[in-house]
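Here's the structure, in structure tokens; my notes come after.
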Amino acid sequence: MLKRIARNPLIDLLVHLKGNERACLWTEPLWGIPYNLYVPFVSVYMAALGMTPVQIGAMSTIFFISQMFWALLSGVLTDKLGRRRCTVIFDLLSWSVPTFLWMLAQDYRWFVAAALFNGMWRVTENSWDLLLMEDSEPSRLVRLYAVSHVAGLLAGFVAPLAYLLVRAFGLVPTMRAIYGFTFVLMTTKFIVLYFLSHETKIGERRMRECANVPLLTHLLDSRHVLRAMLQNRAVMLTVGMVASYAAIKNVLETFWPLLLTDRLGIAPENLSIFSTVKSLLMLVCYFTIVPRVSVRRFRLPLFAGVGILAASQLCVLLMPAGAYWMVVLSVLLEALALSTLNPLTTSIQMLTIDPEERARMLGLFYAMMLLVTAPFGLIAGVLSELNRALPLVLTLGMTAFTMFMGVCIARESGERLAREG
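The sequence shown begins at 768 in this note's numbering and counts up by one.
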């Protein structure tokens, strides 16, 4: 039995990580555990502090706009500061500051301020991804990103604690304590990662090339990179697919809990149980299914993942009040879909863009993606005011669009991705 576990590709990869791969992935639970503890309760926490669904949706849109602004700057900041230094600076600004504000939040204004800071995580998404993968082999990408998601899902083992605390002390006091815990753990993670990692080879070269170039000049020069991206059909199709997928996840994360608590009569403290079930199911999928997924043959897992995601949304839309078994079925299907789609879409994205201009292309990629997805938080908020189920009708339509984009990508760039992967 132990030999079979040791032979698991993800276990083997995790044990033999070196350099930046080890620094990035071994410290990731310090971010993932507290994040997954508080995320099931975010919407109901905001509602408990007096925010309406429209305000929650508007705050979500502000968050997306902040992300779009910082995504535009992320490439030039990553090249200028270096992957390692950029990561520690903007990790502290984008996570330590917001978690402190959320801990003390009193009303809508606190969440808006936190959202403006939290949007800076798009800078570290760029720099952290490059710190992780730039010195790695492309064939390892799907498994590396799977391991990064596994690190976050370890919260599945401690999430029931949130359920017990909410029942014992109430929602708002528990959330304030969890945010305080998150502030300490995440800040520790950022500092430890900085000292365990080193700058990548491409990062060192880009820092030398940008050393005497003003930030604004480097940003304006990105127009040539943008032009190249706009002329690349495979890149633009990938932007469309990833943008649609990101919007689906954001709407589901924000409004799925409100549907369960308000329309289906499920108690807020039970949300952590479903979150735990989803985390554990995704953990199983990452170790059993994802090692079989390769970016060389991305069509079948991509289409299957999107189809299963649509089925999970239909379960929620069709379930009557109190039908817990349908909630569990929906969670099971969503876990299977997300565990496949999360590492696969990220790997396709990384292999579609030019390695030499990866930082700026990635920043522009995220900016274009966010330009498309920013309005959906407000739209979903307005729909939720009318009927709690309507945001999921919206995500169902977006899931169909994601499938269409996947078909187009398979036709356009499948052979090239197979050669490079």
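Note that the Cβ used here is the ideal one computed from N, Cα and C, for glycine as well. Given the structure is predicted, the values throughout are model-derived calculations rather than measurements.
- Around the Cβ of residue 1154, a 10 Å sphere holds fewer than 16 other Cβ atoms; the residue is exposed.
- Within its own chain, the residues whose Cβ lies closer than 6 Å to the Cβ of residue 870, once the five positions on either side in sequence are excluded, are 943, 946, 947, listed in chain order.
- By the criterion of at least three beta-carbon pairs nearer than 8 Å, the region 1161-1172 is in contact with the region 1062-1079.
- Going by DSSP, residue 1008 is part of the alpha helix (DSSP H) stretching over 1000-1025.
- Note that the C-beta distance between residue 1172 and residue 1011 is below 9 Å.
- Nearest to residue 1002 by alpha-carbon distance, out of 1177, 794, 800, is 1177.
- Under the three-state reduction of DSSP, residue 1080 is assigned to helix.
- Between residue 1121 and residue 790, the alpha-carbon positions lie close to 25 Å from each other.
- Residue burial annotation: residue 782 is exposed, with fewer than 16 other C-beta atoms found within 10 angstroms of its C-beta.
- Residue 792 holds the alpha-carbon nearest to the alpha-carbon of residue 912 among 792, 858, 1016, 939.
- Assigned with DSSP and collapsed to three states, residue 989 falls in helix.
- Between residue 901 and residue 1125, the C-beta gap is smaller than 9 Å, which places the two residues in contact.
- The Cβ neighbour count for residue 1152, taken over all protein chains shown within 10 Å, is under 16; the residue is labelled exposed.
- Here the alpha carbon of residue 1095 sits roughly 28 Å from the alpha carbon of residue 940.
- Residue 956 is classed as buried because its beta carbon has at least 16 other beta carbons within 10 Å across all chains shown.
- Bounds of any alpha helix (DSSP H) do not take in residue 817, whose DSSP letter is neither H nor E.
- Apart from the 5 residues on each side of it in sequence, residue 1039 sits with its Cβ closer than 6 Å to the Cβ of 807, 926, 929, 930 in its chain, given in chain order.
- By the criterion of at least three beta-carbon pairs nearer than 8 Å, the region 874-887 is in contact with the region 825-834.
- For residue 1109, the uninterrupted alpha helix (DSSP H) run begins and ends at 1091-1119, by DSSP.
- Judged by pairs of C-beta atoms under 8 Å, the region 1131-1143 touches the region 834-851, as three or more such pairs exist.
- Collapsing the DSSP output to three states places residue 1157 in a helix.
- Rounded to the nearest whole angstrom, the C-alpha separation of residue 853 and residue 1115 is 24 Å.
- When the five nearest sequence neighbours on each side are left out, the beta carbons in the same chain lying within less than 7 Å of the beta carbon of residue 815 are those of 938, 939, in order along the chain.
- Comparing C-alpha distances from residue 950 to each of 1130, 1129, 799, 1131 shows the shortest one belongs to 799.
- Burial check for residue 1069: the Cβ neighbour count within 10 Å reaches 16 or more, so the residue is buried.
- Closest by C-alpha distance to residue 1017, out of 809, 838, 1119, is 809.
- In the three-state reduction of the DSSP assignment, residue 874 falls in the coil class.
- Here DSSP, grouped into helix, strand and coil, assigns residue 1152 to helix.
- Going by beta carbons, residue 842 and residue 992 fall inside the 9 Å limit.
- Boundaries of the alpha helix (DSSP H) around residue 786: 786-793.
- Measuring C-alpha to C-alpha distances from residue 970 to each of 908, 898, 1083, 1028 identifies 898 as the nearest.
- Residue burial is scored here from C-beta neighbours: residue 972 has fewer than 16 other C-beta atoms within 10 angstroms and is therefore classed as exposed.
- Listed in chain order, the non-local C-beta contacts of residue 860 below 8 Å within the same chain comprise 884, 887, local neighbours out to five positions each way being set aside.
- In this structure, residue 1026 sits away from residue 1098, with a CB-CB distance that is not shorter than 9 Å.
- Less than 9 Å divides the Cβ of residue 977 from the Cβ of residue 846.
- Bounds of any alpha helix (DSSP H) do not take in residue 1059, whose DSSP letter is neither H nor E.
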